[in-house]
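Chemist: If you count by my numbering, then the sequence shown holds residues 15 to 158, one letter each, in order.
Ideal placement from N, C-alpha and C gives every residue a C-beta, glycine not left out.
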Amino acid sequence: MTVHLIKISVGISSVEQLRSTQQRRLIAGPLCSITKQRPKREVELLAGGSLYWIIKGHIAVRQKIVELERLFDHEGEKCGMILDSELVETELFKRGPHQGWRYLEADDAPRDIRDIVVETNEDEETEGDMSPEMAAELRNLGLL
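1. Would you mind working out which of P111, A149, D129, I41 sits nearest V24, comparing C-alpha positions?
2. In whole angstroms, what is the alpha-carbon distance linking M15 and E100?
3. Pick from D121, C46, E56: whose alpha carbon is nearest that of G98?
4. At what residues does the alpha helix (DSSP H) containing R55 begin and finish?
5. Which one or two residues does DSSP pair with K78 in a beta bridge?
6. At what residue ranges does the segment 84-132 contain a whole run of the beta strand (DSSP E), taking only runs of 3 or more?
7. T140 to L106, Cα distance in whole Å?
8. In angstroms, rounded to a whole number, what distance separates the CA positions of R109 and L118?
9. Using the beta-carbon count (16 or more within 10 Å), is Q31 buried or exposed?
10. Just to confirm my understanding: we take S28, look at its own chain, exclude 5 residues before and 5 after, and list those with CB closer than 8 Å. What are they?
11. Using only the alpha-carbon positions, how far apart do R153 and L19 sit?
12. Could you tell me which of L40, W115, I130 sits nearest to T49, measuring between CA atoms?
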C-alpha cells in the first residue's frame, strides 16, 4: 500500500513561486528535499508515494518521490528525498503547521485538480466557478 508525506514549503507563498524556484534548482541537478529523519515506511513511500507541500496553511501541490538517498554532513546522516520535477496541483486542504514531515495515508490525500476538472466537465449540473480557497473551506466544513 502506498503512503505519502506532508511537508511545509518554508518561504514559499504560491504554487507558482515553488515552480519557479524549483525550475532554477533543476539546472544544478535532480530536486532533493533534505530531512533529518529517514522515513521508516520507505517501501510504502517508494511504491508511488508523493510529497505533498503545504503552502500558506493548505496542502496545495504534490511531487512524486523518486528515491531516498543517504546524505552525510558535519551533523551526521540525513535523508535526501529525490523528487520528480512535475508539480501536480491538488485540491486545497487546510493543514496546520508542524516541523519536519508527517505521513499521509493514501485514502486521506487530497485529489489532484486535473482529476476534479474531469469530473466537473462530465457533470452537466455545476454550481458555477468557485475559488480554490472557498472550496477548501466548504470541504473543511463538510459541505462539499
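Modeler: On the basis of the data shown:
1. P111
2. 22 Å
3. The identity of residue 98 in the sequence shown is Asp, whereas the question assumes Gly. With distances taken between Cα atoms, D98 lies closest to C46.
4. Here R55 belongs to no alpha helix (DSSP H), and DSSP marks it neither H nor E.
5. S64
6. 90-97, 102-108, 115-119
7. Here T140 scores only 49 on pLDDT, less than 50, and its place in the model should not be relied on; the value that follows carries that caveat. The straight-line gap from Cα to Cα measures roughly 19 Å.
8. 12 Å
9. exposed
10. I69, K70
11. 21 Å
12. W115
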